[in-house]
Amino acid sequence: MSTTFQALGLDEVFLKAIADLGFEKPSGVQEQAIPALLEKDIDMVALAQTGTGKTAAFGFPMLQKINTDSKTTQGIIIAPTRELCLQITNEMKLYGKYINGLNIVAVYGGASISDQAKQLRRGAQIVVATPGRMKDMIGRRMLDISKIDFCVLDEADEMLNMGFYEDITDILSHTPETKFTWLFSATMPKEVSRIAKEFMSSPLEITVGAKNMGATNVSHEYYVVNARDRYAGLKRLADANPDIFSVIFCRTKRDTQQVAERLIEDGYSAAALHGDLSQHQRDLVMHSFRSRQIQMLVATDVAARGIDVDDITHVINYQLPDEVEIYTHRSGRTGRAGKDGVSMVLVTKGEQRKIHTIEKIIQKKFISKEVPSGKEICEVQLFHLANTIKNTEINNSIDSYLPEINTLLESFTKEELIKKFFSVEFTKFHNYYEGKRDLNVDLSKGPSKGGETVRYFLNIGSRDDLDWKRLKDFLKEVLSLGQDDIYHVDVMDSFSFFNTDKPHEEKVLETLSAIQWEGRQLSVEVSTTKAGGKQRGRKGGRGGGRGKSNRSSGGFGNQGGGSRTRKRRGSTSGGSRREALEGIKNTRGRRRRR
Numbered sequence: 021m022s023t024t025f026q027a028l029g030l031d032e033v034f035l036k037a038i039a040d041l042g043f044e045k046p047s048g049v050q051e052q053a054i055p056a057l058l059e060k061d062i063d064m065v066a067l068a069q070t071g072t073g074k075t076a077a078f079g080f081p082m083l084q085k086i087n088t089d090s091k092t093t094q095g096i097i098i099a100p101t102r103e104l105c106l107q108i109t110n111e112m113k114l115y116g117k118y119i120n121g122l123n124i125v126a127v128y129g130g131a132s133i134s135d136q137a138k139q140l141r142r143g144a145q146i147v148v149a150t151p152g153r154m155k156d157m158i159g160r161r162m163l164d165i166s167k168i169d170f171c172v173l174d175e176a177d178e179m180l181n182m183g184f185y186e187d188i189t190d191i192l193s194h195t196p197e198t199k200f201t202w203l204f205s206a207t208m209p210k211e212v213s214r215i216a217k218e219f220m221s222s223p224l225e226i227t228v229g230a231k232n233m234g235a236t237n238v239s240h241e242y243y244v245v246n247a248r249d250r251y252a253g254l255k256r257l258a259d260a261n262p263d264i265f266s267v268i269f270c271r272t273k274r275d276t277q278q279v280a281e282r283l284i285e286d287g288y289s290a291a292a293l294h295g296d297l298s299q300h301q302r303d304l305v306m307h308s309f310r311s312r313q314i315q316m317l318v319a320t321d322v323a324a325r326g327i328d329v330d331d332i333t334h335v336i337n338y339q340l341p342d343e344v345e346i347y348t349h350r351s352g353r354t355g356r357a358g359k360d361g362v363s364m365v366l367v368t369k370g371e372q373r374k375i376h377t378i379e380k381i382i383q384k385k386f387i388s389k390e391v392p393s394g395k396e397i398c399e400v401q402l403f404h405l406a407n408t409i410k411n412t413e414i415n416n417s418i419d420s421y422l423p424e425i426n427t428l429l430e431s432f433t434k435e436e437l438i439k440k441f442f443s444v445e446f447t448k449f450h451n452y453y454e455g456k457r458d459l460n461v462d463l464s465k466g467p468s469k470g471g472e473t474v475r476y477f478l479n480i481g482s483r484d485d486l487d488w489k490r491l492k493d494f495l496k497e498v499l500s501l502g503q504d505d506i507y508h509v510d511v512m513d514s515f516s517f518f519n520t521d522k523p524h525e526e527k528v529l530e531t532l533s534a535i536q537w538e539g540r541q542l543s544v545e546v547s548t549t550k551a552g553g554k555q556r557g558r559k560g561g562r563g564g565g566r567g568k569s570n571r572s573s574g575g576f577g578n579q580g581g582g583s584r585t586r587k588r589r590g591s592t593s594g595g596s597r598r599e600a601l602e603g604i605k606n607t608r609g610r611r612r613r614r
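When we follow the numbering used here, the leftmost residue of the sequence shown carries the number 21, and every step to the right adds one.
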């Protein structure tokens, strides 16, 4: 028999609020955390997935323990984003709706700091804040947290992933040692463990599911495509799921904006959410998404943190994140409030090994699926339309229009009318997908070897105001690759070299040949000769280590005229190629290597 809220030890005023909210029984984290926090004053580390009711797990105990007769700030709740901050504040107010004299204030960036200071001066027993704004207000002496009894760090792993470690430690330095700290997190990376060790005393640890484990009611699927087919694959997944209400994750702001713009151009209700948006733009996007005016929200990981929408049907990983913990957060956006969800991943053949790594951490198996064909999509769309018609309630207001409609259509048989009606939808998808090739990659040969490496020539260099670090950052951004995916970066006067693993070759060639650097068309070439041989001239560092590398200057093999062939993309002037060959012979004294 499941536990009831009445059995957790909550006061009647909270049970009444719970009844108003329609909560029937506590979630796993609530069942473990609430009685433990009410019974005694302790530090706690609670590990549970996003969407499992963590706000109530710490919210009710804090509300029951504070003294509303005092206007002193007694509890603080620190959350990573403005959206989550406002969400927690609203929920806490609903939990404490029957408590007289309760004042909960939200403190966050993007809003008037003076207005928030006025609310605090009226006396706030509980302050919910983002780290940056709270630190700012403490520094300006607008907020005093020196007498608090309770401190909650919500979504602690996300805050630390966002780089808030120093802000959090600075905030905690202004709190009394006698306070009790409750840390709630979806995963337990080493940074979270560090916070627990430094600022908590023998905390009680509760875990709902295994550490870092994915949500139980989310299924995980992956689709293997070539890098150039990633967007086409995304469209097919969307078309094969007509009722999709999704968040699509990209690794960079640039990709997020581009994917959203392409979806909009192709007729999808989509929008981008990333750090370059103003707060007003972000609010408009989120309002449209929550009201389902937007069906596909394309977001970066940082921008999506704090999104709390229960009915998301799919999470689509347009690109995999660098860290497994981030994937756990992404997939946790769906399958919430007891509903089922699907997390889809688009990967290249060389990225399959990342899938196996994620499986081990989240303790769930991925299902390998094929990108749907045009025929399959047409079938799905037609049956979706048929079901929509079947389930549509008749609006009798149409009766007055029927005589004229019947007259217009009376010459057609029932079968002809059905064909005509469904042809409207069928023709759209049939014409688009007719003749389109299969996007699925042949996996019979298995993934490419991770040890294979490719060296590239690029027609920009130090004359273009580049050094190895700036070039590497640029390549990471435009190629959506990780810190260690680009290495052996060498920058000469008018050209450069860099390496990636073999699986990234197609993506590098396709992407770089289609863009410009400060108005100049990029040209990228691949040498079929390995970057081996003895390095002549002075030694230098590398732009991202991948073990030892003895390379000939420029990575073209022997200097003594050995034959070499290249795959070429983009327009390379004869001058650029001559400069490259000249540079091989004259690199001493002007070569910048990392």
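Every residue, glycine too, gets a C-beta built ideally from N, C-alpha and C.
Query, Result
"Which value, in whole angstroms, describes the spacing of the CA atoms of Phe-265 and Thr-333?", "5 angstroms"
"Do you know how far the Cα of Thr-195 is from the Cα of Asp-89?", "21 angstroms"
"Could you tell me which of Leu-203, Leu-106, Phe-269, Leu-28 sits nearest to Asp-342, measuring between CA atoms?", "Phe-269"
"Just grab the DSSP bridge partners of Val-367 for me.", "Val-244"
"If you follow the alpha helix (DSSP H) that Asn-451 is part of, which residue opens it and which one closes it?", "434 to 453"
"Nearest-angstrom Cα distance between Lys-527 and Tyr-115?", "51 angstroms"
"Tell me which same chain residues have a C-beta within less than 8 angstroms of the C-beta of Leu-297, skipping the five on either side of it?", "Val-305, Ala-323"
"Would you report the Cα separation of Ser-388 and Thr-473, rounded to the nearest angstrom?", "27 angstroms"
"If you draw a straight line from the C-alpha of Leu-293 to the C-alpha of Leu-254, how long is it?", "17 angstroms"
"Take the Cβ of Thr-320 as the centre, count every other Cβ of all protein chains shown within 10 Å, and call the residue buried at 16 or more, exposed below.", "buried"
"Three-state secondary structure (DSSP) at His-404?", "helix"
"Where does the unbroken beta strand (DSSP E) through Asp-521 begin, and where does it stop?", "516 to 521"
"May I ask you to report which of helix, strand or coil DSSP gives Thr-227?", "strand"
"Within its chain, find whatever has a CB closer than 7 angstroms to the CB of Ala-216; leave out the 5 residues flanking it on each side and keep chain order.", "Val-65, Leu-203, Pro-223"
"Can you check whether the CB of Asp-169 is closer than 7 angstroms to the CB of Gln-94?", "yes"
"Over what stretch of residues does the alpha helix (DSSP H) that includes Ser-351 continue unbroken?", "344 to 351"
"Who are the near neighbours of Ala-13 in its chain, counting only those whose CB is closer than 6 angstroms to its CB and skipping five residues on each side?", "Only positions 21 to 614 of the chain appear in the structure, and residue 13 is not among them; the question remains open."
"Under 8 angstroms, with one C-beta from each stretch per pair, do the stretch 204 to 212 and the stretch 174 to 181 reach the 3-pair mark?", "yes"
"Between Gly-352 and Val-365, what straight-line distance do the alpha-carbon atoms span, to the nearest angstrom?", "14 angstroms"
"DSSP three-state call for Ile-375: helix, strand or coil?", "helix"
"Can you tell me where the alpha helix (DSSP H) with Leu-140 in it begins and where it stops?", "133 to 141"
"Please report the Cβ distance between Ile-191 and Ile-146, rounded to the nearest whole angstrom; I am assuming they are in contact, meaning their Cβ atoms lie under 8 angstroms.", "The Cβ separation is near 15 angstroms, so there is no contact."
"Quick one: is Ala-53 buried, meaning 16 or more other Cβ sit within 10 Å of its Cβ, or exposed?", "buried"
"Any idea what DSSP makes of Gly-95, helix, strand or coil?", "strand"
"If you drop the 5 nearest sequence neighbours on each side, which residues of the same chain put their C-beta closer than 8 angstroms to that of Glu-454?", "Gly-394"
"For Gly-129 versus Gly-152, is the C-beta spacing smaller than 7 angstroms?", "yes"
"Between the Cα of Leu-463 and the Cα atoms of Ser-47, His-240, Ile-98, Gln-372, which residue gives the shortest distance?", "Gln-372"
"Pick out whichever of Gln-299, Ser-213, His-349, Gly-361 has its Cα sitting closest to the Cα of Ser-239.", "Gly-361"
"Go ahead and label Ile-382 buried or exposed: buried means 16 or more other beta carbons lie within 10 angstroms of its beta carbon, across all protein chains shown.", "buried"
"Does Asn-416 come out as helix, strand or coil in the three-state DSSP assignment?", "helix"
"With H, G and I counted as helix, E and B as strand and the rest as coil, what does DSSP make of Leu-478?", "strand"
"Kindly list the residues whose CB is nearer than 8 angstroms to the CB of Ser-591, restricted to its own chain and excluding five residues on each side of it in sequence; keep chain order.", "Any reading at Ser-591 needs caution, since the residue's pLDDT is 40, under 50, leaving its predicted position unreliable; the model's value is listed next. Gln-541, Ser-543, listed in sequence order."
"Who are the Cβ neighbours of Arg-250 in its own chain at under 7 angstroms, not counting the five residues just before and after it?", "Tyr-338, Leu-366"
"Rounded to the nearest angstrom, how far is the Cβ of Thr-23 from that of Lys-45, given a contact under 8 angstroms?", "7 angstroms"
"Quick check on this structure: which residue in Gly-48, Phe-446, Ser-500 has the alpha carbon closest to the alpha carbon of Thr-236?", "Gly-48"
"Given that a residue counts as buried once 16 or more other Cβ atoms are within 10 Å of its Cβ, and exposed if not, what is Glu-525?", "buried"
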